[in-house]
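Residue numbers (the working numbering): 2 to 285.
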């Protein structure tokens, strides 16, 4: 994050999400909507890493990402794979986003596509046909109907989604522990060898188990500091299984580009509004 912590807010965020139905909870975390209203002087927003992969539909302003010094337009929908550092996206005015938050080990099965690697990715899939219907719902402020349409789409196709019990059991263990379990313990709870688990995880997500658990722990630290900026870092490091506070700080800066202390100060002085939950679009 850049800029003074006390600067005038550059945009306002509204966020809403609905839980995944029971039939999909092992595959999809939630369905969500976010709108961002920019000021005349602000046109970019930062997406912070977390432990999820997303399918993103957007409406209103065009959305671009800077690559090799040039802005490149992203189509709708696109996939936001796991991030190992913040990504800056650009929009000209108001942008509205509808997303499907998937677990990284299930996204390829949900879409029937090869493993998705880091960052924004263009993809071809029949789900793109929902763009027009979602756009109409969003245009007339029927956000709940847009989210319901996505939910029904995946419920209807649930029987055709391939699942792997080892990955589902491993994913459940990882989520329950917030990324604090060692790989050997995760493999044990999935009733698999470490080698088998690592191979299946790499094939499904494009990442190692350790990659994803590290992001899950970072996400917990990020959220704790966002809501409770005065949290004791040494205690937080102990709670989440880091070696010590220095280890936590090093990992936090690796993923966020900011020290935990700087992030906490930003959280204390935040001057834009979010309706609920942590929204990973932070003033750049």
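Cβ coordinates follow ideal geometry from the N, Cα and C atoms, glycine included. For clarity, every value in this text was computed on a predicted model and none was experimentally measured.
{"Item": "Give the secondary structure of residue 69 by DSSP, where H, G and I count as helix, E and B as strand, and everything else as coil.", "Value": "coil"}
{"Item": "According to DSSP, is residue 212 part of a helix, a strand, or is it coil?", "Value": "helix"}
{"Item": "Helix, strand or coil for residue 59 per DSSP?", "Value": "strand"}
{"Item": "Can you list, in chain order, the residues of its chain whose CB lies under 7 Å from that of residue 115, leaving out five sequence neighbours each side?", "Value": "109"}
{"Item": "Note the first and the last residue of the continuous beta strand (DSSP E) segment covering residue 38.", "Value": "29–39"}
{"Item": "Would you say the region 67–74 touches the region 178–198, given that touching needs at least three Cβ pairs under 8 Å?", "Value": "no"}
{"Item": "Comparing C-alpha positions only, which one of 85, 222, 48 and 19 sits nearest to residue 146?", "Value": "19"}
{"Item": "Identify every residue that forms a DSSP beta bridge with residue 240.", "Value": "Answer is none; residue 240 lacks a bridge partner."}
{"Item": "Quick check: the Cα distance between residue 136 and residue 78, rounded to an integer number of angstroms?", "Value": "11 Å"}
{"Item": "With a CB to CB cut of under 7 Å and the five nearest residues on each side skipped, what residues in its chain are close to residue 275?", "Value": "Note that residue 275 scores 44 on pLDDT, short of 50, meaning its location in the model is unreliable and no value can be drawn from it."}
{"Item": "For residue 95, does the three-state DSSP call read helix, strand or coil?", "Value": "coil"}
{"Item": "Please report the straight-line C-alpha distance between residue 228 and residue 45, rounded to a whole angstrom.", "Value": "23 Å"}
{"Item": "Taking the alpha-carbon positions, what's the residue 5 to residue 268 distance?", "Value": "The predicted model places residue 5 with a pLDDT of 30, which falls under 50 and marks its position as unreliable; any figure quoted below should be read in that light. If I take the Cα positions, the gap works out to 12 Å."}
{"Item": "Report the rounded CA-to-CA distance for residue 253 versus residue 260, giving the unit in angstroms.", "Value": "7 Å"}
{"Item": "Check the DSSP bridge columns for residue 81 and list the partner residues they point to.", "Value": "55 and 121"}
{"Item": "By alpha-carbon positions, which one of 219, 148, 169 and 92 ends up nearest to residue 181?", "Value": "219"}
{"Item": "Can you check DSSP and say which residues form a bridge with residue 15?", "Value": "36"}
{"Item": "Just to confirm, are residue 62 and residue 38 a CB contact at a threshold of 8 Å?", "Value": "no"}
{"Item": "Within a Cβ cutoff of 8 Å, which residues of the same chain sit near residue 150, ignoring the five residues on either side of it in sequence?", "Value": "131, 134, 135 and 138"}
{"Item": "Can you tell me the Cα-Cα spacing of residue 239 and residue 246, whole angstroms?", "Value": "8 Å"}
{"Item": "May I ask whether a heavy atom of the ligand ZN can be found less than 7 Å away from the beta carbon of residue 77?", "Value": "With respect to small molecules bound, the structure shown includes none, and the ligand ZN cannot be examined in it."}
{"Item": "Using DSSP's beta-bridge definition, name the partner residues of residue 20.", "Value": "31"}
{"Item": "Helix, strand or coil for residue 274? Go by DSSP, reduced to three states.", "Value": "Its pLDDT being 40, under 50, residue 274 is placed unreliably by the model, and the measurement read from it follows with that caveat. Three-state result, residue 274: coil."}
{"Item": "What residues in its chain sit with their C-beta under 6 Å from that of residue 34, if we drop five residues either side in the sequence?", "Value": "17, 99 and 144"}
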